[in-house]
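Q: Heads up, the sequence shown is in the working numbering, so the first residue is 1465 and it goes up one at a time. Here a beta-carbon is modelled for each residue, glycine too, at the ideal position from N, C-alpha and C.
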Amino acid sequence: MLAPELTFGEPDTISNDQGYFGPDTITWKIHSDVLAVVGGVRALFLQALEPRAFGGVQAHSRYREEPFGRLLRTAEYIGVISFGTKEEADRAASKVRAMHKALGLNIPELLLWVHNGFTDSLLDIALRSGMNLSKEDQDRYVKEQLIAAKLVGLDPQICPSNTTELNAYYENKKHKLVADKAVKESARFIFLPPMNKFFRYLTPSQFLWAIVVSLSFAALPRWVRKMYGQSWRGSTLAGPKFADASTNLTLKILR
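1) Would you say Pro1624 and Val1606 are within 7 angstroms of each other, going by their C-beta atoms?
2) Under a three-way DSSP split, which group does Met1595 fall into?
3) Quick one: measure Cβ to Cβ for Ala1683 and Arg1592, integer angstroms, because I've assumed they're closer than 8 angstroms.
4) Ser1558 lies in the alpha helix (DSSP H); which residues open and close that run?
5) Using the three-state DSSP reduction, which class does Ser1669 fall into: helix, strand or coil?
6) Which residue comes first and which comes last in the alpha helix (DSSP H) that contains Tyr1484?
7) What are the start and end residues of the alpha helix (DSSP H) that includes Pro1620?
8) State the Cα-Cα distance for the pair Pro1668 and Asp1619, rounded to the nearest angstrom.
9) Are the beta-carbon atoms of Ala1553 and Gly1483 separated by less than 7 angstroms?
10) Under a Cβ-count criterion, where at least 16 other Cβ atoms within 10 Å of its own Cβ denotes burial, should Thr1628 be classed as buried or exposed?
11) What are the boundary residues of the alpha helix (DSSP H) that Leu1630 is part of?
12) Are there 16 or more other CB atoms within 10 angstroms of the CB of Ser1479, so buried, or fewer, so exposed?
13) When the Cα of Phe1681 is compared with those of Gln1670, Asn1712 and Leu1536, which residue comes out closest?
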């Protein structure tokens, strides 16, 4: 059973209702940044390593038929809960919860995995690109995301509330992750998705996507890149140790 094509609309920018976050939150600062899209794609690479989460995507997603659809819908959802009114956020979250329930994907452990993937990835890209965030700001961001967790149906009590807890989550999760042939094939698909000939040859879309996806993968933790192993061209995807510095510099230049 394929997941329904959810739509969430654009956030209301006129209402006085600033939603669950507001302009003074770290969430607004990070999620409004132009490089947040790099964090979103990074999260996809990371999330694919959880067998049940990946199985759900394989079984219910149309990502091969519409490779950019999943990313765009996810970005739309994050935009609504981050910047929309409370009513808009509640309505969008209700659609997602209903879909998860219908597909049997409302499993706390899986929801937590996806939630942490986005939190970790968006924060990581913000830091790598030079956004001025103190340790207190970073912890505040993770804590703010407990609101997003609750909206999607998670009990905030089981979610990390600071960066120390978030890092500990991944340390404890590493041994349960898998990068099998299907996962690596999905990574290749993200790198080289089918693209309309008009966009591929007559616009900079392919070039821009190559930049986004390459930076997204390069920004993954080295242990994740090592799990993906060899690329289809034979090179080591983990990259040398200085690759992290190169990735960070590139992101800072793009900012």
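A: The answer reads as follows:
1) yes
2) coil
3) Between Arg1592 and Ala1683 the Cβ distance is about 6 angstroms, and since that is below 8 angstroms, they are a contact.
4) Lys1550 to Ala1566
5) helix
6) Careful: Tyr1484 lies outside any alpha helix (DSSP H) and carries neither H nor E.
7) Segment: none, Pro1620 is in no alpha helix (DSSP H) and carries neither H nor E.
8) 43 angstroms
9) yes
10) It counts as exposed.
11) Thr1627 to Lys1637
12) exposed
13) Residue Asn1712 is the option with its Cα nearest to Phe1681.
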